[in-house]
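Counting the sequence shown from 1 gives a position; my numbering is that position plus 2. Here the structure comes first, spelled out in structure tokens, and everything after it is commentary.
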Amino acid sequence: MTTKSIIPEEYQKMLSRVLPVLVFLLGIWYFCIRILGYGFEFLPGDMGDSRFINFLLEHGYQWSMGNADSFWSAGFMYPFENAVALSDNMIGTMPFYGVWRLLGFSHETSYQLWWIVICSLNYWSAYYVMKRWFNRWDLAIIAAWIFAFTIFNLGQINYMQMMIRFIVPIVLYSGVKMVDTSRVKYLIIFSLGIVYQFYGVIYNGFFLMYFSLFVVVAYAIITKKYLFFVPFFKKQALLFTGATLLISVLAMLWLMQPYIDMSEQLGMRSYDEVRWNVPVILSFFFASESAYTWQILNESCKPDVPIWWIHYAFPGMIPLIGMLGIPFFWIYWKIRKSDISKLTWAVSIVVFIVFMGFIRTYDGQTFFALFFKLPGMGSMRVLNRFINVELFLILILLISLAVKVPRKWSILLFILVVLDNAFVPSRVIREDKAMISDRRESMIELIEENRNDEHIAYVVIDSTQTEFFKTHLDAMIASTYVPLPTVNGYSSGCPGEFGQFFTEVSEAGLTRWYKDSGLDSTKVLVIQK
């Protein structure tokens, strides 16, 4: 018996409009509010990388308001230039932060609201695409919950920027439609969508660019539409095609040139360095410490590797089974001669190829060597982040198979998904918002009380602080509010001469930086705590 015989059609239409909104609100409460606290008492993530992302958002906002002279030279690691290009830049989603600042919300509250907006966009983009693709609003809700509120995010919550992936569903959908229809509008969405993802977060930009191209090629081959792109260059579409490609190239040049300059200045990572960060099989079962249903996986599946904290790669058991089960699906489909769609075949092939490229043996053997040769991939250090894009490919595969499941079973599937991603908020990495706000205000006050017109920069040395990044970030965040740059600096890298000061925040390291950078120490305000 189908759902249609149980629930009248007019009620089904009402449910299709109301339930996605109710489930979205439930997800925001369950995933965001429970972590932030009902009074927004907590900031997600730790005192390091999470606050660094907040700093970048604030710097971008101040720059857009005309309060900073340069976007790329953000006033840290002074006088080193283009320091923002040492890491992500956050310019793509800065407006989602800046609007809250314009409305009068504080530095920290705007960050919390920015995160809620990102999670909201992840949900609605996944829902919209899945509903449009498979015409099943119930399954679209399930896919959107997994994509927006997945437990994978909790293992990565220190790296808040990695949650920016709401354009991923739209790009993958437009790529497939581009092959199906040869319509230039899908080329425009596909191309500009990839560019926007780079502006959102560069890691996901590279993963989306390559994985979506893999899907387009695989789908074109399977559907035998090898020349789907020819109409883009015919007279009636050529202007739009040319403008799209030109805008995409120019936008990418503006964004990537500082990173190219930085790589030429500091060099790229070697393959031997990076390959040890490729996930091992246990990484895919290594759940967040906040997991409820899968807490045992956190306790028993921690990989025996030196930098274990960048190996959280558990996407939830349902997506994991979907990814690992692909060879068995192929065998089953072949034996049963199943009527599997060309899209399902193409996506399953790409999901499997990507997975095989991002797994290694404990002695360092991995197919990642092939991916490493692609432009830009050599700049990446935390490689489990490929799951951010791979996850939606897995969801396409699973939903394309689930369309054969009667709608009456959707509630059971949804319950399983919620249990699969269940977590305990008190075990999530988060910090007290009032404490962080007090640190910011007290640092600003301390600098303002001691600076004078002769100072060209300031530096903070805290001999009582054992965690160097806290001191650096205290100084950096204050620099967005006072008219002086700071010598302190925290990012994913630094110039070699800065290294001793970076890790020690000591007078010895500072003296070396003075010498190597040519900075006049007599004009630097030194704050010792």
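Built from N, CA and C at the ideal position, the CB exists for glycine as well.
{"Item": "Whole-angstrom distance between F82 and G520, CA atom to CA atom", "Value": "10 Å"}
{"Item": "Euclidean distance between Cα positions of I143 and L512", "Value": "54 Å"}
{"Item": "Separation of L299 from L421, as counted between CA atoms", "Value": "14 Å"}
{"Item": "Nearest-angstrom Cα separation, counted from L403 out to F136", "Value": "10 Å"}
{"Item": "Contact the segment 315 to 332 vs the segment 278 to 288: 3+ CB pairs below 8 Å", "Value": "yes"}
{"Item": "Three-state secondary structure assigned by DSSP to T5", "Value": "The predicted position of T5 is uncertain, since its pLDDT is 42 and thus under 50; a value taken from the coordinates is nonetheless stated next. The answer is helix: DSSP assigns T5 an H, G or I state."}
{"Item": "Cut-off 7 Å between Cβ atoms - residues of its own chain near R138, not counting five sequence neighbours on either side", "Value": "V405"}
{"Item": "Alpha-carbon to alpha-carbon, I118 and P171", "Value": "19 Å"}
{"Item": "Cβ pair count under 8 Å reaching 3, the segment 237 to 245 against the segment 411 to 427", "Value": "no"}
{"Item": "Beta strand (DSSP E) runs wholly inside the segment 27 to 74, at least 3 long, in chain order", "Value": "44 to 46"}
{"Item": "Spatial neighbours of M49 in its chain, beta-carbon cut-off 8 Å, leaving aside the 5 residues before and after", "Value": "E433, I438, E469, F471, K472 and L475"}
{"Item": "DSSP-derived helix/strand/coil call for V526", "Value": "strand"}
{"Item": "Short Cβ contact (8 Å threshold) for L395 with V430", "Value": "no"}
{"Item": "Opening and closing residue of the beta strand (DSSP E) in which E433 lies", "Value": "R432 to D434"}
{"Item": "Rounded straight-line distance, which links the Cα of R514 to that of L527", "Value": "17 Å"}
{"Item": "Residue range of the unbroken alpha helix (DSSP H) whose run includes V217", "Value": "I204 to T225"}
{"Item": "Residue environment, N124, which counts as buried when at least 16 other CB atoms sit within 10 Å", "Value": "buried"}
{"Item": "Uninterrupted alpha helix (DSSP H) stretches inside the segment 120 to 181 (no shorter than 4 residues)", "Value": "139 to 151 and 154 to 157"}
{"Item": "Bridge partner(s) assigned by DSSP for T466", "Value": "Answer is none; T466 lacks a bridge partner."}
{"Item": "Boundaries (first-last residue) of the alpha helix (DSSP H) holding T346", "Value": "K344 to G359"}
{"Item": "Same chain, Cβ closer than 7 Å to Q158, neighbours up to 5 away in sequence not counted", "Value": "M164 and Y314"}
{"Item": "Coarse secondary structure for A293, derived from DSSP in three states", "Value": "strand"}
{"Item": "Inter-residue spacing [alpha-carbon to alpha-carbon] between F98 and W116", "Value": "6 Å"}
{"Item": "Three or more C-beta pairs below 8 Å linking the segment 173 to 182 and the segment 66 to 84", "Value": "no"}
{"Item": "4-residue-minimum alpha helix (DSSP H) runs that sit fully inside the segment 298 to 330, ordered along the chain", "Value": "319 to 326"}
{"Item": "Residue(s) in a DSSP beta bridge with R362", "Value": "T368"}
{"Item": "Span of the alpha helix (DSSP H) around R514", "Value": "E509 to S519"}
{"Item": "DSSP state of Y80 mapped onto helix, strand, coil", "Value": "coil"}
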